[in-house]
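Written below as structure tokens is the structure these notes are about.
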Amino acid sequence: MPRLDRALRGWNGWRRARIASLADVTLPERTRIAARVGTAVSGVSRRLGKGGGSVIGGRAVLALDPKALERLSAGRKVALVSGTNGKTTTTSLLATALSAGGRVLTNLQGANLPMGLVSALADGPPDAPAALEVDEAWLPKVVAATRPAAVGLLNLTRDQLDRNNEVRMLASSWRSALAGDAAGAVVANADDPLVVWGAGKATNVVWVGAGQPWTEDSGGCPSCGGRIVFTSSGWSCGACDFARPRTDVELDGDLLRWPDASTLRLDLALPGRANRANAAVALCVATVLGADAAVVARSFSSLEQVAGRYASVVVGASKARLLLAKNPAGWMETFEVLASPPAPVVVAVNARLADGRDPSWLWDVPFERLRGHFVAVSGQRAWDLAVRFRYAQVDHTVIADPLDAMRHVATGGDFDVVANYTAFQEIRAKVRSAGESDL
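Be aware that the sequence shown starts at 5, since it is given in the working numbering, and climbs by one per residue.
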């Protein structure tokens, strides 16, 4: 694992310089008061049943101390995870890996904007390490504020089309933010050209061959505007020298392979190729921060669900598994883990602010792959789904309420429920309210 060893040495040097520069830093009284107020506000919100409290608590902290994110990060080992898909799962895996050394602060409720980050950091001692997922558009500002020890970069694809439709602009903003030694180490997916571009100016990069089956959003070269050519052995631009970098770690099925021929098996309870890729990045981030790779790999087997994702709930005489898919790239991975036909499927899609108001991405998903399943479509955009499924020639029915749709298909056999972000949260809340699960 030579490159990981070099990355660890590079991070240790960064850490010594960072500790020296922060030796006299203590939290200002204003920040301490703001953190206590934020924690109290979060607690009140939870007790009143108004949600997890992370966002409103973070708002309170930032209202009292606008520089709280920078101050709460100072002197602390902070690892960031960003990308379009897989942030929450990768962050959870990373927090699990780092928790062997004690408490790790993290934001596992999807609160990945500055308010949620501040809330997570305020909820623990000032020397506790943090593993934080960060919205891809906010990553540059968070890097500048937190001076992270490590950053894990997963992928960049279209998501929330009214906000993140031009992903090359996001890649360029990453590239500027991560240039030089802005982070102690960057662990980046070598199979996504946009991620490679975003990490390309960082001093200390560990390239992971994590895979990226969805390539529709990265066909244009961010370097010269030419066409990226994808082959079974990698990718390269047909007009310039921009190409897949030589990797330091390769994911091969459930094995991680290093150039020195050493291997390590990932024993995951979470299903699918995408989660093995998430685990590969999480392991490499943990390793460059000093964790033992074999211990980290073993720790992953304890994680069976992440914020309700992959959880099973009882509905009548059936068991339903909850899956999240919020864009075409996510759906491509989800197809691989669905139960085989004729198991029914519930698909729920909303188009609220957190989802993106534009549901036209539904036409980029090859829903023809659901032929053979009976599908109950639901959610705010149930009729958009119905039109798409009619053209895909998928047997379906429209039941607007997701829980009613789940009851409709619960005839004794197991089935899957696939929802985008707010539809997923709505289903979890309704299941809890109905008392049909222990979520």
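Built from N, CA and C at the ideal position, the CB exists for glycine as well.
Per-residue DSSP class, three states only, for residue i
i    : result
H400 : strand
F246 : coil
W201 : helix
S123 : helix
T219 : coil
T251 : coil
R231 : strand
L374 : helix
D28  : With a pLDDT of 36 at D28, under the threshold of 50, the modelled position of that residue is not reliable, and no figure is offered here.
A333 : helix
L98  : helix
R51  : helix
F428 : helix
W239 : strand
A352 : strand
G42  : helix
T338 : helix
L84  : strand
R280 : helix
D256 : strand
L357 : coil
R269 : strand
G128 : coil
Cβ pair residue i, residue j closer than 8 Å
i    : j    : result
S227 : C241 : yes
I380 : P346 : In the sequence as displayed, the identity of residue 380 is Ala instead of Ile. No.
N424 : D359 : yes
P382 : V350 : Strictly speaking, residue 382 in this sequence is Ser, with Pro absent from that position. Yes; because the gap between Cβ atoms is below 8 Å, this pair is in contact.
V82  : A134 : yes
L121 : L73  : yes
V369 : A154 : no
A115 : D69  : no
S86  : E140 : yes
L136 : A181 : no
A352 : D418 : no
V421 : T93  : no
L326 : I431 : yes
V138 : L84  : yes
L76  : A126 : yes
N354 : R385 : yes
T267 : R356 : no
N111 : A124 : yes
A186 : V285 : no
A243 : G230 : yes
L272 : A281 : no
A438 : L389 : no
V200 : C288 : no
V59  : M119 : yes
Contact test: residue i Cβ vs the ligand PLP heavy atom, cutoff 7 Å
i    : result
W201 : Of ligands this structure carries none, so the ligand PLP is not represented either.
Sequence-distant residues of its chain with Cβ nearer than 7 Å to residue i (five each side left out)
i    : result
I403 : A380, S382, A409 and H412
V209 : V190, A192 and A203
F234 : T219
F393 : F371, V379, V381 and H400
V319 : M410, R411, A414 and E440
L117 : D139 and W142
A290 : L98, A101, L102 and V300
A64  : V41, G42 and V45
Own chain, CB closer than 6 Å to residue i, minus 5 neighbours either side, in chain order
i    : result
R248 : A194, G238 and W239
A206 : L182 and V190
T415 : none
V146 : V138
A433 : none
S177 : P144
V4   : Outside the shown range of the chain, which is 5 to 443, sits residue 4, and nothing can be said about it.
H308 : Looking at the sequence provided, one finds Glu at residue 308 rather than His. These residues qualify, in order along the chain: A273.
K71  : none
Spatial neighbours of residue i in its chain, beta-carbon cut-off 8 Å, leaving aside the 5 residues before and after
i    : result
N89  : L158, N159, T161, D163, A278, K330, N331, A333, G334 and E337
R34  : L68 and D69
I23  : Bear in mind that the predicted position of I23 carries a pLDDT of just 42, short of 50, making it unreliable; the figure below should be weighed with that in mind. Cβ neighbours of I23 beyond the five flanking positions: G79.
L259 : T267, L268, R269 and L270
H377 : L342, P345, P346, A347, P348, V349, V398 and D399
- Fully enclosed by the segment 291 to 329, which alpha helix (DSSP H) runs are 4 residues long or longer? 297 to 303
- Message: Quick check: the segment 34 to 50 against the segment 91 to 99, are at least 3 beta-carbon pairs closer than 8 Å?
- Response: no
- Query: Could you give the uninterrupted runs of the alpha helix (DSSP H) lying entirely in the segment 135 to 212, keeping only those of 4 residues or more?
  - Reply: 143 to 150, 171 to 181 and 197 to 203
- Query: In chain order, which continuous runs of the alpha helix (DSSP H) of length 4 or greater are located wholly inside the segment 377 to 426?
  - Reply: 386 to 396 and 406 to 413
- Three or more C-beta pairs closer than 8 Å, one from the segment 193 to 210 and one from the segment 242 to 262: is that the case here? yes
- Touch test, the segment 286 to 303 against the segment 387 to 404, Cβ-Cβ under 8 Å, three pairs minimum: no
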